[in-house]
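Encoded as structure tokens, the structure appears first; notes follow it.
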Amino acid sequence: MRVLTGIQASGKLHIGNYFGAMKPMIELQEENELFTFIANYHSLTTSKDAKTLHQYTLDAAIDYLSVGIDPNKTTFWIQSDMPEVLELYWILSKFTPMGLLERAHSYKDKVAKGINANHALFSYPVLMAADILILDTQKVPVGKDQIQHIEMTRDIAIKFNNEYGEIFTLPEYVVAEEVATIPGIDGEKMSKSYGNTIELFMDEKPLQKRCNKIISSSTPLGEPLEYDGCNIYALASLFLDDTQKIELQERYKSGKEGYGHFKKYLKELIWEELGEAREKRAYYLDNLDEVEDILATGAKRAKTITQEKMLTVKDAVGLR
Ligand code: ADP
Ligand code: TRP
Numbered sequence: 008m009r010v011l012t013g014i015q016a017s018g019k020l021h022i023g024n025y026f027g028a029m030k031p032m033i034e035l036q037e038e039n040e041l042f043t044f045i046a047n048y049h050s051l052t053t054s055k056d057a058k059t060l061h062q063y064t065l066d067a068a069i070d071y072l073s074v075g076i077d078p079n080k081t082t083f084w085i086q087s088d089m090p091e092v093l094e095l096y097w098i099l100s101k102f103t104p105m106g107l108l109e110r111a112h113s114y115k116d117k118v119a120k121g122i123n124a125n126h127a128l129f130s131y132p133v134l135m136a137a138d139i140l141i142l143d144t145q146k147v148p149v150g151k152d153q154i155q156h157i158e159m160t161r162d163i164a165i166k167f168n169n170e171y172g173e174i175f176t177l178p179e180y181v182v183a184e185e186v187a188t189i190p191g192i193d194g195e196k197m198s199k200s201y202g203n204t205i206e207l208f209m210d211e212k213p214l215q216k217r218c219n220k221i222i223s224s225s226t227p228l229g230e231p232l233e234y235d236g237c238n239i240y241a242l243a244s245l246f247l248d249d250t251q252k253i254e255l256q257e258r259y260k261s262g263k264e265g266y267g268h269f270k271k272y273l274k275e276l277i278w279e280e281l282g283e284a285r286e287k288r289a290y291y292l293d294n295l296d297e298v299e300d301i302l303a304t305g306a307k308r309a310k311t312i313t314q315e316k317m318l319t320v321k322d323a324v325g326l327r
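All letters in the sequence shown, in the order written, are residues 8 to 327 by the numbering used here.
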């Protein structure tokens with residue numbers, strides 16, 4: 008099955024991103040033909056400045072490689088290294104009714120939030136359609152907020168195919184299995200925009216400090232603690248199997264340990280889970296050439312498919 012995922016790079020990744028997006032994506036590469044790219048043309052629509060966009064793009068590439076994208080199994084590249092997609096974006100624009108774009112929730116939401124609308128933001132779904140269609144993608148795993156974009160992609164592809172024959176594969180979305188919302192240190196949804204995250208790649212001491220900031224109730228030491236509803240427990244249980252969860256529940260109930268102990272335990276769990284990723288990340292940071300090679304090889308591999316596809320499309324519409 009050919010599966011495509013696009014990653015928006017928007018800053019330091021956190022535990023919520025790790026369990027909600029990165030791990031599920033990395034599991035896909037075992038059984039599918041996975042294509043994954045950093046969507047930097049898309050990020051340009053909301054980027055503050057060149058330096059930040061460039062840095063976020065590189066950081067995301069390194070972080071995803073570190074947590075387990077295997078370049079031998081997965082084709083991994085930066086979107087702007089395959090500009091063919093912009094050519095298709097223009098061609099598809101002709102098959103995109105204005106009304107379709109005007110109905111897009113994500114555009115309407117952004118405008119409602121007061122973001123100054125520009126054409127890139129408005130036509131974002133057409134570029135996403137081009138990303139998907141240029142590779143004959145069969146499945147696109149997305150969060151709920153992106154379902155409409157896949158439906159629009161299908162609408163655009165159907166319009167095109169109706170006129171020129173069965174050129175594009177109609178993609179299907181797969182809504183990633185509901186990952187429970189991971190709480191931040193204040194118990195609200197962990198999110199960059201709430202300033203309540205635990206970042207993935209922190210040094211050990213700052214990581215412990217961050218874990219110490221998790222809000223917990225103030226039961227005095229010596230009394231049994233309630234694990235249900237405890238943010239430390241909720242975060243720790245992400246790393247545990249059923250037996251380990253029961254063991255942790257027993258520790259809460261025993262009254263022998265306080266929240267400080269569980270915060271230490273949580274830090275150790277995070278530190279251990281990311282041990283291998285941290286080593287790989289240190290390696291990639293020291294060997295940026297290798298990262299560039301991986302991304303260049305990915306772009307080249309993707310292009311063998313997309314360049315051919317573009318010839319077919321251009322033939323069909325009369326651009327050759
Ligand atoms: P943020 O809210 O920090 O800006 P993003 O919107 O960039 O995070 O999220 C990127 C991906 O990470 C999303 O597709 C989502 O599936 C996942 N994700 C982010 N925060 C959480 C969370 N608290 N719980 C579960 N998944 C999350
Ligand atoms: N719009 C997606 C998001 O915000 C990112 C994206 C761009 C994408 N192009 C894609 C996802 C193609 C899947 C397929 O998360």
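All C-beta atoms, glycine included, are put in the ideal place defined by N, C-alpha and C.
- With a cutoff of 7 Å on beta-carbon distance, Y291 and L65 are scored as not near each other.
- Taking 3 residues as the minimum length, the beta strand (DSSP E) runs contained wholly in the region 16-54 are 40-45, in order along the chain.
- DSSP places L281 in the coil class of the three-state scheme, outside both helix and strand.
- With a cutoff of 7 Å on beta-carbon distance, L107 and M32 are scored as not near each other.
- Nearest neighbour of R308 by Cα position, chosen from I14, F44, G13 and E170, turns out to be F44.
- Within the region 177-219, the complete alpha helix (DSSP H) segments of 4 residues or longer fall at 211-219, listed in chain order.
- Fully enclosed alpha helix (DSSP H) runs of no fewer than 4 residues occupy 266-280 and 282-293 of the region 255-311, in order along the chain.
- Judged by DSSP secondary structure, L142 falls outside any alpha helix (DSSP H); it is assigned neither H nor E.
- Per DSSP, the unbroken beta strand (DSSP E) holding R9 starts and ends at R9 to I14.
- Under the rule that a run must span 3 or more residues, the beta strand (DSSP E) segments found entirely inside the region 49-115 read 82-85.
- With a beta-carbon spacing of about 28 Å, L60 and N79 fall beyond the 8 Å limit used to define contacts.
- Between the region 131-148 and the region 279-291, the count of C-beta pairs closer than 8 Å stays below three; the two stretches do not touch.
- For K166, the enclosing alpha helix (DSSP H) has its first and last residue at I154 to Y171.
- Taking a C-beta distance under 7 Å as the contact criterion, L302 and W84 qualify as a contact pair.
- By the CB criterion at 7 Å, Y171 and A16 fall outside the cutoff.
- Taking non-hydrogen atoms of the ligand TRP into account, the C-beta of Q15 is found less than 6 Å away from one of them.
- The beta carbon of Y240 sits closer than 6 Å to the beta carbons of Y234 from its chain, once the five residues preceding and following it are set aside; these are given in chain order.
- Cα atoms of K310 and M89: separation of roughly 7 Å, rounded to the nearest angstrom.
- Looking at the DSSP output, V149 sits in a beta bridge with V182.
- Following the DSSP letters along the chain, one finds I239 inside the alpha helix (DSSP H) bounded by residues N238 to S244.
- Taken through DSSP and simplified to helix, strand or coil, I221 comes out as coil.
- Annotated three-state conformation of Y234 is coil, per DSSP.
- DSSP, reduced to helix, strand and coil, places A124 outside both helices and strands of the structure shown, so it counts as coil.
- Pairwise C-beta distances place the region 255-268 in contact with the region 221-235, as three or more of them are shorter than 8 Å.
- Scanning S100, E40, A187 and Y272 for the CA closest to the CA of K146 turns up E40.
- L326 sits in coil when the DSSP states are folded into three classes, being neither helix nor strand.
- In the structure shown, D248 adopts coil according to DSSP, grouped into three states.
- For the pair E109 and V181, the Cα-to-Cα distance works out to about 24 Å.
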